[in-house]
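K.L.:
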Amino acid sequence: NHNQALYYLEKAQKLYQLLKNLRGVANNFNNIGQTYFRQHKYLAALLNFQNALSGNAKIQDKFIESVAYRNIAATYLEIKDLDKAFYNAQQALRVAQATNNQIMITSTLNVMAQIYEKKNDFALAIQAAQQSIEVAKPLKAREYIKDAYKVIYEAYHK
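For the sequence shown, my numbering assigns the number 183 to the initial residue and increments by one for each residue that follows.
(1) Compare the C-alpha of G215 against each of N253, Q195 and Q284 and name the closest.
(2) So within the region 204 to 255, which uninterrupted alpha helix (DSSP H) runs reach at least 4 residues, ignoring any that extend past its ends?
(3) Under 8 Å Cβ to Cβ from K262, same chain only, skipping five residues before and after it: list those, please.
(4) Using 8 Å as the threshold, is the C-beta distance between A255 and A239 below it?
(5) Between G237 and F211, how many whole angstroms is the CB-CB distance? I'm expecting something under 8 Å.
(6) Kindly give me the distance between the Cβ atoms of A318 and A330, rounded to whole angstroms, as I take these residues to be in contact under 8 Å.
(7) Would you say I287 and Q296 are within 8 Å of each other, going by their C-beta atoms?
(8) Give me the residue from Y258, K328 and D303 with the minimum Cα distance to S289.
(9) Starting from the C-beta of L197, find all residues in its chain whose C-beta is less than 6 Å away, skip the five residues before and the five after it, and write them out in chain order.
(10) Cutting at 7 Å between CB atoms, please list the residues of its own chain near T257, excluding the five before and the five after it.
(11) At what residues does the alpha helix (DSSP H) containing A323 begin and finish?
(12) Out of I285, E336 and K340, state which residue places its alpha-carbon closest to the alpha-carbon of R324.
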């Protein structure tokens, strides 16, 4: 239940703020944003992902930063602002590569592949999806592999 999840995430947010746990605050903004995203409440999701980035500025947690950028990219993709989606995906990929976070790399490459596919740049969509598969296979990250193959399938059938 999304409403119940939001209730508890908001309670947790108040506790993180009370305890001055900046990492918890920033990470929880991502969690709240994901809950709104799943409800298709993209503007609320976007606000929370942006708050995660802002809150992270003080602590410089690269994982939180890459997740927030990836989430922002996915949200802009949903609302069809492809230029902002692409910019934020590039930022997510930059941070994920700098920290060698393979899961974030494959996840972000999948978002980029979807952006390229929506832009009708099928060659780049396939290339990004294939790169994602290369990263995901050693991790046995089946969900990301499946998502990448779905983009490849869509690109070939347009």
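Here a beta-carbon is modelled for each residue, glycine too, at the ideal position from N, C-alpha and C.
P.N.:
By the coordinates alone:
(1) Here residue 215 is taken as the residue at index 33 of the sequence shown, counted from 1. Among N253, Q195 and Q284, the Cα nearest to that of G215 belongs to N253.
(2) 204 to 220 and 224 to 238
(3) Start at 1 with the first residue of the sequence shown, and residue 262 comes out as number 80. K300.
(4) Residue 255 sits at position 73 when you count from the first residue of the sequence shown. Residue 239 sits at position 57 when you count from the first residue of the sequence shown. Against a cut-off of 8 Å, the Cβ pair of A239 and A255 comes out as no contact.
(5) Indexing the sequence shown from 1 puts residue 237 at position 55. Indexing the sequence shown from 1 puts residue 211 at position 29. G237 to F211, Cβ: 6 Å. Contact.
(6) The residue labelled residue 318 in the question sits at position 136 within the sequence shown. The residue labelled residue 330 in the question sits at position 148 within the sequence shown. Indeed, because the Cβ distance is near 7 Å, the residues count as touching under 8 Å.
(7) As a first step, residue 287 must be located in the sequence shown, where it is residue number 105. As a first step, residue 296 must be located in the sequence shown, where it is residue number 114. For I287 and Q296, no; Cβs fall outside 8 Å.
(8) For this step, residue 289 is matched to residue 107 along the sequence shown. Comparing Cα positions, the closest option is K328.
(9) Position 15 of the sequence shown holds residue 197. Excluding residues within five positions, none has a Cβ falling inside 6 Å.
(10) Position 75 of the sequence shown, counted from the start, is the residue given in the question as residue 257. Here the set comprises F219, Y224, A227, L228 and F231.
(11) On the sequence shown, position 141 is the one that residue 323 refers to. Element bounds for A323: n/a, residue is neither H nor E.
(12) The residue given as residue 324 occupies position 142 in the sequence shown. R324 has its Cα closest to that of I285, out of I285, E336 and K340.
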